[in-house]
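Residue numbers (UniProt numbering): 1 to 273.
Positions of the beta carbon are idealized from the N, C-alpha and C atoms, including for glycine.
Predicted, not measured: the structure shown is a model, and the values here were computed from it.
Worksheet: one structure, shown below.
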């Protein structure tokens, strides 16, 4: 047993000591979705700090706990607050929650975030379904010893975002009359926002939105055989695309304003999964 898997198993053993609940869908809440609990029937809450060796979020607006319960009739585990590479955690710890959700039993991981818009056709407040990603600017979460109990050494990433799940999200957005963009998400390390020159470069590379999370979690999920989908809330136009200076409080503000529709889109999509 690898050291990483041994650490994961200790977290899982603690989880199992509390409950035998088996979720089918995992949902990671980004900025603006902190109040999501009202959309589900919560059976149990588990603070991250209670789990042995588990990373704890330090970012304003990111509570640190798992919510276990039902979204519609779908058994789900919800991460209310994620951890980020820029908080100083090793990447293997950033994706430990994703791997623990796999051990809990999830088959689908639904990723959400607040992101900066690079595509000039986007507007602040838009929702973007993630169709692909660029993770080359952050360390791979698979560097180091392979957790063979979860997946193979060289996993394929041709289809990180599941086509069937994307179709469900598209259909749901149409039914709920919620406008939906789609595009490529690029992850940077943060915590600083990007420079205008970097944003121009990312646009040339094919990125439509940029943020400081998500791509590494998607890689870890696919390595473990989890189906992945994701939505970004375009909370600001990226550096150099507007006259506004960027601030985390403004990102949170826009995400909060769009929270009701974001929650509805996520909830209705999960109910179909």
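Check, Outcome
"Assigned exposure category for residue 277 - 16 Cβ within 10 Å defines buried", "The shown model of the chain, from 1 to 273, leaves out residue 277, and the question about it has no answer."
"Nearest-angstrom Cβ-Cβ length linking residue 260 and residue 118, presumed shorter than 8 Å", "The Cβ separation is near 26 Å, so there is no contact."
"With 16 other Cβ atoms within 10 Å as the buried cut-off, status of residue 196", "exposed"
"Local Cβ density within 10 Å of residue 42, reported as buried at 16 or more and exposed below that", "exposed"
"Distance CB(residue 214)-CB(residue 230) smaller than 9 Å", "yes"
"Proximity winner among 257, 90, 76, 122, relative to residue 216 (alpha-carbon distances)", "90"
"Where residue 120 sits in the DSSP three-state scheme", "coil"
"Delimiting residues of the alpha helix (DSSP H) encompassing residue 74", "No alpha helix (DSSP H) contains residue 74, which is instead part of the beta strand (DSSP E) from 74-80."
"Supposed contact pair residue 92 and residue 4 - C-beta distance, whole angstroms, cut 8 Å", "6 Å"
"Host beta strand (DSSP E) of residue 66 (start-end)", "65-71"
"Nearest to residue 13 (by Cα), restricted to the options 54, 26, 125", "54"
"Within-9 Å CB hit, residue 263 to chain C", "The structure shown has no chain C; it contains just one protein chain."
"Whole-angstrom distance between residue 80 and residue 35, CA atom to CA atom", "9 Å"
"Anticipated Cβ contact below 8 Å, residue 29 with residue 78, distance rounded", "6 Å"
"Paired residues, beta bridge with residue 181 - DSSP", "128"
"Supposed contact pair residue 109 and residue 274 - C-beta distance, whole angstroms, cut 8 Å", "Shown here, the chain extends from 1 to 273; a query on residue 274 therefore has no answer."
"Per-residue DSSP class, three states only, for residue 196", "helix"
"Classification of residue 121 by the beta-carbon crowding that lies within 10 angstroms, buried from 16 upward", "exposed"
"Bridge partners - residue 230, DSSP secondary structure assignment", "111"
"Secondary structure of residue 17, DSSP reduced to three states", "helix"
"Contact check, residue 130 vs residue 232, beta carbons under 9 Å", "yes"
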